[in-house]
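The block underneath contains the structure these notes are about, expressed in structure tokens.
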Amino acid sequence: MFKITVKGIFTHRLRFALTALAVCLGVTLVAGTLVLSGSITRTFDAIVEQTAAGTDVQVRGAQLETTAVDGSKQREPLPLSLEKKIEAVDGVARVAPDMSGTAILVNKDGTATRNGGAPNLGFGYDPDDPTIRITSGRAPEKKGEVLVDESTLELAGLAVGDTTKALIQNDPQNVTITGVFTFGSSLAGATLVLLDEQTAEATWAPDGEVPSFTIGADDGVSQETLRDRIAQVVPAGTEVVTGDVVYQEQKDSFGTAIGFITTFLLVFALIAVFVGAFIIANTFSMLVAQRTRELALLRAVGASRGQVLRVVLGEAAILGLTGSVVGLGLGILLAAGLQAVVKQSGLEITGGLPVTVSTVVVSLLIGLVVTMLSAIFPALRASRVAPIAALRDDAQTPPGGVLRRGIIGLVLVLAGFATILPGSLGDKPQWALVGVGAALLLIGLLVAAPWLTRPVVRLIGIPYTALYGTVGRLARENALRNPRRTATTASALMIGLALMSSVGVFASSANASVSDIVDSELTADYVLSSGGFTMIPTTVADEVTTMQGVTSVATIRSAPVQLADGSVFAIAADPRAMTENVKLDVVAGSLDSIDAGDVVVSRTAADDRGWKVGDTLTAEVGTRKNQSLTVGGIIDDSQALNNPNMIVPLDLYAKTVPAAQQGDFLLYVKSDGTNTAALRSQLEDVVKPFLVVSVQDGDEFADAQAAQINSLLYLIYALLALSVLIAVLGIINTLALSVFERTREIGLLRAVGMSRRQLRRMISAESVSTAVFGAVLGMALGLVLGLVLQRALVSQGLETLSIPWLTLAIVLVSSALAGMVAAIIPAWRAVRLDVLKAITAD
Amino acid sequence: MGAEAIARAIDLEKVYGQGEAQVKALRGVSVDFGRGEMTAIMGPSGSGKSTLMHCMAALDRPTGGDVEIDGVPVRGLKDKALTQLRRDRLGFIFQSFNLVPTLTARENITLPVDIAGRKVDQEWFDRVVDTVGLRDRLSHRPTELSGGQQQRVACARALVSRPAIVFADEPTGNLDSRASAEILSFLQNSVKEFGQSIVIVTHDPVAAGYADRVLFLADGEIVDEMVDPTADKVLERMRGFDATGRRS
Ligand SMILES: Nc1ncnc2c1ncn2[C@@H]1O[C@H](COP(=O)(O)OP(=O)(O)OP(=O)(O)O)[C@@H](O)[C@H]1O
Ligand SMILES: [Mg+2]
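Protein chains in written order, with the working numbering: chain S, 32 to 873; chain H, 37 to 284.
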């Protein structure tokens with residue numbers, strides 16, 4: 032029996048190759064994701080390990096719930112005076128207060144030295160820190176001297192002894208590079224600049240407070256012993272933990288972030304695998320149908336049902352395994368390729384290409400199991416072939432009725448609508464309902480697809496039957512001959528395109544909403560914003576205020592506010608300046624209440640949490656616990672302000688946020704309109720030293736926000752493209768098998784005078800029908816889902832519905848083109864058929 | 037008869053395979069098929085009947101000699117020209133699988149004309165359809181027709197483009213005697229009424245009796261011919277062959 036299995040594969044090698052490719056591509060994405068995330072994990076593990084190498088014990092303030100700008104949890108600050116106390120503890124070799132912030136070096140071209148979005152870190156230099164080794168030059172000794180790590184120096188194109196500018200904690204200054212050091216591990220693209228301890232203290236601990244101390248133990252003193260000793264000298268509430276704990280915590284926190292990326296990528300990988308499953312199922316059903324006589328013959332000569340089942344499943348297993356193994360190999364290459372791409376955006380991955388046992392097992396298992404599962408129904412059908420079928424001429428079982436599937440599918444679709452509409456149209460989106468509804472719609476459409484094939488393909492056929500006459504009609508009828516097969520082939524394409532179009536509608540609506548809102552809300556002439564991890568120094572606002580023609584400047588600061596039930600996005604701003612630059616609709620209370628020390632909340636936040644004017648909330652703000660905030664007003668959500676949940680007074684911000692962390696994240700500038708061009712160049716001059724601060728007018732500001740949405744959109748498109756590619760493979764496969772099935776018919780057509788060109792056209796038109804059918808279904812579903820998503824998110828600011836007609840048109844035309852491309856090989860095979868042999872074939 | 041020939045084989049040779057496995061299916065066949073005549077070809081299995089038909093009908097290339105259709109030599113024609121020749125000048129009827137299953141009877145009949153992108157001559161179409169008696173079956177698909185009806189559709193298709201000559205390889209091979217008789221008398225009628233030229237291969241002396249002339253083929257050569265045959269005369273002649281045995 033095994034021989035028959037192997038022979039079966041060998042005889043049908045082309046279609047097995049195509050099917051294996053479908054398995055392979057899905058597995059490629061799975062394996063690539065796993066390998067990539069493995070290498071990212073290793074990269075960060077190495078960094079964490081290196082960082083933790085000099086840490087035996089860490090002393091830190093009690094953890095607060097609020098998050099700092101860089102996303103880390105904030106801690107209650109500790110006084111620097113604690114250093115002396117800790118030093119006195121027996122067994123302590125060194126104590127280093129942790130002083131860090133941002134430091135950006137100006138490179139030799141006069142621009143910021145940075146690797147895409149990777150952070151630019153500055154630290155105080157501790158000569159006793161074992162993780163830092165100076166390889167050339169000397170340590171910094173005073174303000175204006177910096178020690179730079181090797182890769183940062185290389186990136187900047189500078190050398191030891193060079194003088195350049197630097198932006199250290201938002202303070203532009205001239206610095207001399209006194210030396211270069213190695214950190215002992217890659218920095219994943221981050222840049223590192225070290226200052227002497229005194230300057231670091233002045234820069235990052237101006238209030239005499241630091242978040243933590245790093246302590247090194249004397250030889251022979253264990254981490255635990257030292258921890259317990261130190262715990263006795265520090266004030267109550269202060270945390271003392273071992274270096275191992277710190278290491279584990281950091282590892283975990285990176286792990287969470289990497290896990291998120293991995294999950295994101297895996298979702299797309301699994302979509303690809305899912306799409307591949309359709310192709311596999313289709314191929315096997317066709318192969319079984321074509322081989323009915325062969326299989327019946329096996330049964331007639333005494334093979335049991337189980338044996339026939341095993342023949343088919345055995346083929347699936349070999350195919351799945353082959354596809355998966357190749358996919359695994361390609362996945363490793365893909366990971367290498369992705370590393371190169373990611374490097375462009377600043378994340379340098381040095382973790383190699385770790386192929387762990389679990390990566391291998393998961394990849395192979397996914398490929399194998401999906402293939403076997405997809406083949407199980409065709410295999411069962413094969414095992415039910417009666418021996419007598421070997422003797423019948425019309426061995427192919429006619430496709431059963433599709434009406435039943437149509438009805439079931441329709442019911443599911445209706446149920447989907449019944450779930451998704453209430454879930455999305457209410458005041459508040461109910462995501463569980465939306466999710467279930469979307470799944471029902473998709474499944475319903477998949478089930479109903481064979482029933483929809485006839486009417487939709489007829490419609491699609493109108494242009495080419497009009498154009499090609501009989502040849503077109505033949506193509507249409509061929510596509511309709513087996514609606515299930517056509518539907519399955521099209522469904523594979525439908526899935527990818529449905530996701531593409533719903534994401535497309537969402538992104539287009541988001542873009543439109545952003546620019547609409549920015550247009551209607553923003554009254555400022557210019558917006559100054561800082562990129563990534565840095566902020567605009569508070570001095571910039573002071574300078575801009577004094578400029579000629581400037582009538583109003585609104586400083587928007589990001590305030591870390593944490594409520595008992597989670598953090599909220601809060602900004603600190605002056606109400607008057609704000610309303611001069613941004614139109615705000617006050618729903619209740621007043622904005623001026625901010626002046627009185629109250630806070631103003633957004634309508635969404637108020638609805639979500641049931642806040643009313645006059646309510647008092649208890650919150651952690653910055654580094655201060657138990658602040659009581661009174662709601663003084665409610666405003667409509669404001670996209671122009673980046674949709675804050677809450678606006679707090681600037682006083683509160685100044686009081687609660689450490690000076691080192693203070694700064695504006697947005698700055699709105701309104702002028703009297705006399706000479707905006709001149710103002711712009713003035714503004715640009717002012718922000719120039721701050722390297723990463725940009726000046727944008729309203730349109731540019733909207734575009735920049737849209738650009739963020741678009742880059743995510745393109746990433747998703749690229750990831751979904753693989754699913755679409757797999758679907759196109761499916762079309763090739765189905766067509767090739769159909770051509771093979773219809774050898775005699777093609778011979779007949781050729782005998783009665785069909786030219787090669789007409790034959791090619793016929794197959795191409797059939798292919799295009801299938802592809803466009805899939806595209807139409809996919810886009811219909813995608814439009815519905817996109818629409819629902821937009822409706823559901825109206826209250827979140829997605830107010831404008833925008834359907835990307837152009838994109839959809841491109842998708843439709845591309846699908847038709849993909850159909851044509853898919854037809855090339857099958858058509859070539861059909862055209863090559865010898866007329867006489869084809870007619871006499873059996 | 038030479039001037040009257042609509043199709044002719046000139047010293048036609050067909051060799052399959054090479055070396056040891058070589059089979060000479062046709063060993064220099066020269067024959068003229070008369071215009072407006074129905075010619076039957078008979079002979080034992082493996083004698084080369086189908087091979088001769090395929091070569092005559094430009095479906096296969098002979099390894100030697102030439103074929104002329106209506107005075108045009110087929111040798112040297114490229115695929116495109118061959119396709120056109122088949123489409124416009126030749127008609128075919130096979131033993132089985134004669135119809136495109138996705139098309140209705142009407143569409144199957146007009147297929148060669150449609151493929152050529154020409155207009156169907158409605159009058160002619162009606163005449164052909166009425167002669168084969170398919171008027172009420174035109175909108176049916178092949179699966180909804182009996183074997184005999186399917187074969188009648190195939191006949192109608194072979195005639196509808198007014199080909200110079202129709203080749204039929206055992207068109208009644210799968211049919212019972214009644215259905216066979218219908219097909220054969222229809223073919224005979226088309227010769228008488230429309231002056232159609234037809235060549236048919238058959239094993240059935242009764243079928244051969246419908247023809248104007250019978251050619252006997254054995255081992256790739258024409259061994260005999262009979263003009264104005266009847267079933268009895270043909271049967272008798274075949275007995276004679278059996279008695280003398282096959283040459284080899
Ligand atoms: N494609 C081929 N390859 C090799 N030999 C062939 C091929 N087709 C036919 N032959 C051989 O050529 C000879 C003539 O075959 P052909 O099909 O013409 O016979 P036939 O007279 O039509 O027989 P039947 O009455 O059984 O249909 C036979 O010996 C056959 O084996
Ligand atoms: Mg034959």
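Just so it is clear, CB atoms sit at the ideal spot from N, CA and C, and this is done for glycine as well.
| Asked | Found |
| --- | --- |
| Listed by chain order, chain H residues near residue 780(S) by CB distance under 9 Å | 136, 147 and 151 |
| Residue-level contact to chain S via CB, residue 128(H), 8 Å cutoff | yes |
| For residue 677(S), three-class secondary structure by DSSP | strand |
| Where residue 567(S) falls, given that 16 or more other Cβ within 10 Å makes a residue buried | buried |
| Test: residue 860(S) CB closer than 8 Å to a CB of chain H | no |
| Short CB-CB distance (under 8 Å) between residue 427(S) and chain H | Unreliable positioning characterises residue 427(S) in this predicted model, as indicated by a pLDDT of 47, which lies under 50. The coordinate reading is nonetheless provided below. So, not an interface residue. |
| Residue 122(H) vs residue 332(S) beta-carbon contact at 8 Å | no |
| Inside the region 69-100 of chain H only - beta strand (DSSP E) runs reaching at least 3 residues | 74-78 |
| The beta strand (DSSP E) enclosing residue 129(H), as first and last residue numbers | 126-129 |
| Any non-hydrogen atom of ligand 2 within 7 Å of residue 255(H) CB | no |
| Under 7 Å, CB to nearest heavy atom of ligand 2: contacting residues | 85(H), 86(H), 205(H), 206(H) and 237(H) |
| Cβ of residue 90(H) within 8 Å of any chain S Cβ | yes |
| Cβ neighbours of residue 219(S) in the same chain (closer than 8 Å, five flanking residues each side left out) | 74, 75, 78, 149, 378, 379, 380 and 381 |
| Euclidean distance between Cα positions of residue 283(H) and residue 252(H) | For residue 283(H), the predicted model reports a pLDDT of 45, less than 50, meaning its position is unreliable; a value from the coordinates is still stated below. For residue 283(H) and residue 252(H), the distance between alpha carbons rounds to 14 Å. |
| Separation of residue 137(H) from residue 216(H), as counted between CA atoms | 22 Å |
| Within chain S, the residues that residue 50(H) reaches when beta carbons sit closer than 9 Å | None at all; the shortest Cβ gap to chain S is about 12 Å. |
| Backbone secondary structure at residue 264(S) - three-state DSSP | coil |
| Cutoff 8 Å: residue 785(S) Cβ touching any chain H Cβ | yes |
| Residue 699(S), buried or exposed, once every other Cβ within 10 Å from all chains shown has been counted against 16 | buried |
| Contact test: residue 100(H) Cβ vs ligand 1 heavy atom, cutoff 7 Å | no |
| Terminal residues of the beta strand (DSSP E) in which residue 303(H) lies | With chain H running from 37 to 284 in the structure shown, residue 303(H) is simply not present. |
| C-beta contact flag for residue 314(S) and residue 50(S) at 8 Å | yes |
| Per-residue burial, residue 789(S) [other beta carbons within 10 Å of its own, 16 or more giving buried] | buried |
| Meets three-Cβ-pair contact criterion under 8 Å: the region 388-398 of chain S and the region 82-95 of chain S | no |
| Boundaries (first-last residue) of the beta strand (DSSP E) holding residue 313(S) | That residue, residue 313(S), is in no beta strand (DSSP E); its alpha helix (DSSP H) goes 274-321. |
| heavy atom of ligand 1 below 7 Å from residue 52(H) C-beta | yes |
| Contact set for residue 109(H): own chain, Cβ-Cβ below 7 Å, skip 5 residues either direction | 102 |
| DSSP three-state assignment for residue 244(S), whether helix, strand or coil | strand |
| Beta-bridge pairing of residue 270(S) - partner residues as DSSP gives them | 91(S) |
| For residue 281(H), three-class secondary structure by DSSP | Reliability of the predicted coordinates at residue 281(H) is poor, the pLDDT of 48 falling under 50, and the value obtained from them is presented with this limitation in mind. The answer is coil: DSSP assigns residue 281(H) none of H, G, I, E or B. |
| Chain-ordered neighbours of residue 509(S) on chain H, where CB pairs are closer than 7 Å | 138 |
| 8 Å Cβ cutoff met for residue 237(H) and residue 105(H) | no |
| Complete runs of the alpha helix (DSSP H) confined to the region 478-564 of chain S [at least 4 residues] | 501-512 and 514-552 |
| Under 8 Å by beta carbon: chain S residues contacting residue 119(H) | 781, 784, 785, 786 and 787 |
| Sub-8 Å separation of residue 66(S) and residue 362(S) beta-carbons | yes |
| Residue 831(S) and residue 533(S) closer than 8 Å at C-beta | no |
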